[in-house]
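**Q**
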Amino acid sequence: MKTQFARKFAVYLLLTIAVSLMLVPFYWMINTSLKSSVELLRTPPTMIPAELRFQNFLDALIKAPFLRYLSNTVFVAIAVVAVSTAVTVLAAFAFARLRFRGKTLLFFAVLGTMMVPQEMLIITNFMTVSKLGWMNSWQALIVPYCINPFNIYLLRQTFKQVPDELYLVSRVDGVSHFRYLQKVVLPLSKSSIVTTMILSTIWIWDSYAWPNLITTDDGKRLVSNGLQNAFTSDTGRIQYELQMAAATMVIVPLVLFFLLLRKYILSGMDKGGLKG
Amino acid sequence: MLKKKAARQARYDRSAYLYLLPALVLLAVFLLYPILNTFLTSFKNEYRFLTGEFAGFGLQNYADIFKDATFGRAIINTLFIAFVCIPASMVAALTISLLLNAIERWQGFYMTLFYLPQVTNVIAAGLVFAFMFNSNFGLVNTVLGWVGIDPVAWIKGEGIAASPKLYYEAYARCLFILFVYTVWQGISLKIILFMGGLQNINKQYYLAAKVDGTSSWRIIRKITLPLLSPTTVYVFITSVITAFKAYAQVISLFGSHYGPPGDDSKMMITLVGYMMDAMGDYLTPGSISKASAAAMILVLLVMLVTIVQFKLTKKRVHYN
Numbered sequence: 027m028k029t030q031f032a033r034k035f036a037v038y039l040l041l042t043i044a045v046s047l048m049l050v051p052f053y054w055m056i057n058t059s060l061k062s063s064v065e066l067l068r069t070p071p072t073m074i075p076a077e078l079r080f081q082n083f084l085d086a087l088i089k090a091p092f093l094r095y096l097s098n099t100v101f102v103a104i105a106v107v108a109v110s111t112a113v114t115v116l117a118a119f120a121f122a123r124l125r126f127r128g129k130t131l132l133f134f135a136v137l138g139t140m141m142v143p144q145e146m147l148i149i150t151n152f153m154t155v156s157k158l159g160w161m162n163s164w165q166a167l168i169v170p171y172c173i174n175p176f177n178i179y180l181l182r183q184t185f186k187q188v189p190d191e192l193y194l195v196s197r198v199d200g201v202s203h204f205r206y207l208q209k210v211v212l213p214l215s216k217s218s219i220v221t222t223m224i225l226s227t228i229w230i231w232d233s234y235a236w237p238n239l240i241t242t243d244d245g246k247r248l249v250s251n252g253l254q255n256a257f258t259s260d261t262g263r264i265q266y267e268l269q270m271a272a273a274t275m276v277i278v279p280l281v282l283f284f285l286l287l288r289k290y291i292l293s294g295m296d297k298g299g300l301k302g
Numbered sequence: 167m168l169k170k171k172a173a174r175q176a177r178y179d180r181s182a183y184l185y186l187l188p189a190l191v192l193l194a195v196f197l198l199y200p201i202l203n204t205f206l207t208s209f210k211n212e213y214r215f216l217t218g219e220f221a222g223f224g225l226q227n228y229a230d231i232f233k234d235a236t237f238g239r240a241i242i243n244t245l246f247i248a249f250v251c252i253p254a255s256m257v258a259a260l261t262i263s264l265l266l267n268a269i270e271r272w273q274g275f276y277m278t279l280f281y282l283p284q285v286t287n288v289i290a291a292g293l294v295f296a297f298m299f300n301s302n303f304g305l306v307n308t309v310l311g312w313v314g315i316d317p318v319a320w321i322k323g324e325g326i327a328a329s330p331k332l333y334y335e336a337y338a339r340c341l342f343i344l345f346v347y348t349v350w351q352g353i354s355l356k357i358i359l360f361m362g363g364l365q366n367i368n369k370q371y372y373l374a375a376k377v378d379g380t381s382s383w384r385i386i387r388k389i390t391l392p393l394l395s396p397t398t399v400y401v402f403i404t405s406v407i408t409a410f411k412a413y414a415q416v417i418s419l420f421g422s423h424y425g426p427p428g429d430d431s432k433m434m435i436t437l438v439g440y441m442m443d444a445m446g447d448y449l450t451p452g453s454i455s456k457a458s459a460a461a462m463i464l465v466l467l468v469m470l471v472t473i474v475q476f477k478l479t480k481k482r483v484h485y486n
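See the structure below:
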């Protein structure tokens, strides 16, 4: 009995140590974000800010102009989620339910592109976008993200689980395909659709390479691209306290987003993973 | 005859193409065409982006990048992430998962916390790590100071070009930072996947072992790990593929010149970094085709690993 208790205690202790180590970067980020620029230069650095300077967050928003980057990112994320959800739902429904020529071939084309690393597409997409005259435009930031083969695959699997009987009954009753999709399939597949929406949002929030390549205009930059160079002062010194305040503002919404929607995010990962 | 044709048409839903149209257009323009075009471009010698002219097809771009020392560094760093950082973070994730699996109370709470590194932003978190390793104001040197170790100039490259010894010391320090960040960044997803695998193991094996009085270490070695091996293979393969695409984390730690200040060899560049650099230089003739060749090397690596996965998991993987 005693050894069993000791063993349980050891397990909890080890887990607590591991969790603490993992959370250290969060602590250091928030700690730094609340220091004044004078306190930041103290060595050794203070473990808790002498006075909490929330002004840093305001400064970071105005100075970078980080508020601009944040609102750009939110705008792009909303646009991508709206368009890509529509595109994905329609295609997934066709693959799951409708009969048409070339279905197998087209579905294999979708599956095949899932295996190609997204990074290789950047080169040609860059050429396409510049030929379309889309450099520094919202279209370039939004349109290429609106197609996601993984989401098509995920929703097709979900839609296939809707019982055939419901479809047959609706056909007999003369309900159109679109109405059937709208009134029967969508309500039954809500949680999977929400999952794809969340995964798309996280995808945009985290994307770096593509937006960095096609935007040079400060007014169209996204957070990831704005973060790095925004906080170097005229003297070349990086204003770490502002940089960390900005990093906090990028990370905290995502963490809250996750805590609120945990169920959906984890179920999406079971079905095939996140990121790459 | 006519009737037959009508019957066949009735079996098809012609509206299906309308449903597919937006997806197929986007798929064709932004996914299928790029695959084909990048493949072709990688064989075009001295391809000019602005005019589309090129000096015939050949392997010149591949020969060029393989002769380039920076490309060599990119490959080495990418392989370092894939085959040093990934195994380390897998061992850590597996250990944590086994511990988590041994508890019931608070399990969800711990898992939520372990998941947090996954829901950060790769650039933001990288900047935090870079600042933790800051020589003057960083946490790492402060902690080292507590145990009496002198501050280390973690990200420093001034004067290293003159001496190979200094260069490799600076390189080792940067690799260490990359290692710490990559392990931290990748651990969450691995824990989630390992936990899923552990929960799928039939409890009866454990009960039988318990009846026989088997020690827990032996249970782990003889039951848990072998039954978990499909998950382990899956985690390894997907992580290695992600590692091949490493790019933003290096930028966030070392900046867009891929190295500590003072280094001009792009010491920390990755394969995708090499590709993006060549891309950014698109006005130089042959640069885009060099980027395409690098992209094809990436595709080749990913394909190679995918084939290994199929060989390893034959008959063992079940799709749901």
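Same order as they appear, the protein sequences are chains D and C.
Quick note on this note's numbering: the first sequence kicks off at 27 and runs consecutively.
Quick note on this note's numbering: the second sequence kicks off at 167 and runs consecutively.
No residue lacks a Cβ here, since even glycine has one placed at the ideal position from N, Cα and C.
1. Give me the residue from D/Ile56, D/Leu78, D/Leu167 and D/Arg68 with the minimum Cα distance to D/Thr241.
2. For C/Val483, I'd like the list of residues in its chain whose CB is within less than 8 angstroms of its CB, leaving aside the five on either flank, ordered along the chain.
3. Using C-beta distances below 6 angstroms, list every residue in its chain close to C/Tyr337, excluding the 5 sequence neighbours before and after it, in chain order.
4. Rounded to whole angstroms, what's the CA-CA distance from C/Asn486 to D/Leu292? Just pull it up for me.
5. Just verifying my parser: in three-state terms, what is the DSSP assignment at D/Thr72?
6. Verify the CB distance criterion: does C/Gly311 have a CB-CB separation below 8 angstroms to chain D?
7. Any beta carbon of chain C sitting closer than 8 angstroms to that of D/Met161?
8. Taking just the CA atoms, how far does C/Gly238 sit from D/Leu131?
9. Just the chain D side, please: which residues come within less than 7 angstroms of C/Ala235 by C-beta, in chain order?
10. So, is the C-beta of D/Thr150 closer than 8 angstroms to a C-beta in chain C?
11. Which of helix, strand or coil does DSSP assign to C/Asn322?
12. Along the chain, where does the alpha helix (DSSP H) that runs through C/Ile463 open and close?
13. Pop quiz: C/Ala460 and C/Tyr440 are said to be a contact at Cβ under 8 angstroms. What is the actual Cβ separation, rounded to whole angstroms?
14. Would you identify the three-state DSSP class for C/Phe215, choosing helix, strand or coil?
15. From D/Pro237 to D/Asn177, what does the alpha carbon distance come to, in whole angstroms?
16. For the alpha helix (DSSP H) containing C/Lys376, list its first residue and its last residue.
17. Throw me the rounded Cβ distance for the D/Val220 and D/Val249 pair, which I believe falls under 8 angstroms.
18. Considering just the uninterrupted stretch of the alpha helix (DSSP H) at D/Trp164, what are its terminal residues?
19. For a contact defined as C-beta to C-beta under 8 angstroms, what are the partners of C/Arg239 on chain D?
20. Would D/Glu77 pass as an interface residue toward chain C - the criterion being a Cβ-Cβ separation below 8 angstroms?
21. Can you name the residues that DSSP bridges to C/Phe223?
22. From the DSSP secondary-structure annotation, give me the bridge partner or partners of D/Thr258.
23. Please say whether C/Ser354 and C/Tyr281 have beta carbons closer to each other than 8 angstroms?
24. Since C/Ile201 and D/Val142 should fall inside the 8 angstroms C-beta cutoff, what is the C-beta to C-beta distance between them, to a whole number of angstroms?
25. Just the C-alpha distance for D/Val115 and D/Ser163, rounded to the nearest angstrom, thanks.
26. Among C/Val349, C/Ile417 and C/Gly425, which has the Cα closest to the Cα of C/Pro253?
27. Using a Cβ-based criterion (distance less than 7 angstroms to any ligand heavy atom), does C/Phe410 qualify as near the ligand FMN?
28. Please name the residue, chosen from D/Ala44, D/Lys89 and D/Ser218, that lies closest to D/Leu268 on a Cα-to-Cα basis.
29. Can you round the beta-carbon distance between D/Met146 and C/Leu464 to whole angstroms, since I take them to be within the 8 angstroms contact cut?
30. Tell me which residue opens and which closes the alpha helix (DSSP H) that C/Thr397 is part of.
31. Can you tell which of C/Leu293, C/Phe275, C/Leu260 and C/Val377 has its C-alpha closest to the C-alpha of C/Gly363?
**A** Taking the coordinates as given:
1. D/Leu167
2. Caution is warranted here: a pLDDT of 46 is assigned to C/Val483, below 50, making its placement in the model unreliable, and no coordinate value can be reported.
3. Met433
4. With a pLDDT of 34 at C/Asn486, under the threshold of 50, the modelled position of that residue is not reliable, and the figure given next carries that caveat. Rounded to the nearest angstrom, the two C-alpha atoms are 16 angstroms apart.
5. Three-state result, D/Thr72: coil.
6. yes
7. no
8. 39 angstroms
9. By Cβ distance, chain D contributes nothing, its closest Cβ being about 22 angstroms from C/Ala235, past 7 angstroms.
10. yes
11. Looking at the sequence shown, residue 322 of chain C is not Asn but Lys. DSSP places C/Lys322 in coil when its eight states are reduced to three.
12. Ser453 to Thr479 is the span of the alpha helix (DSSP H), which, as asked, contains C/Ile463.
13. 5 angstroms
14. coil
15. 21 angstroms
16. Lys369 to Val377
17. About 23 angstroms; that fails the 8 angstroms criterion.
18. Trp164 to Ile168
19. Result: empty, since nearest Cβ-Cβ is about 18 angstroms, beyond 8 angstroms.
20. No - not a single Cβ of chain C is within 8 angstroms of the one on D/Glu77.
21. C/Lys210
22. D/Ile264, per the DSSP bridge assignment.
23. yes
24. The pair is a contact, with the Cβ atoms about 6 angstroms apart (cut-off 8 angstroms).
25. Computed Cα separation, rounded: 26 angstroms.
26. C/Val349
27. In the structure on display, the ligand FMN does not appear, and there are no ligands present to speak of.
28. D/Lys89
29. 6 angstroms
30. Leu391 to Phe410
31. C/Leu260
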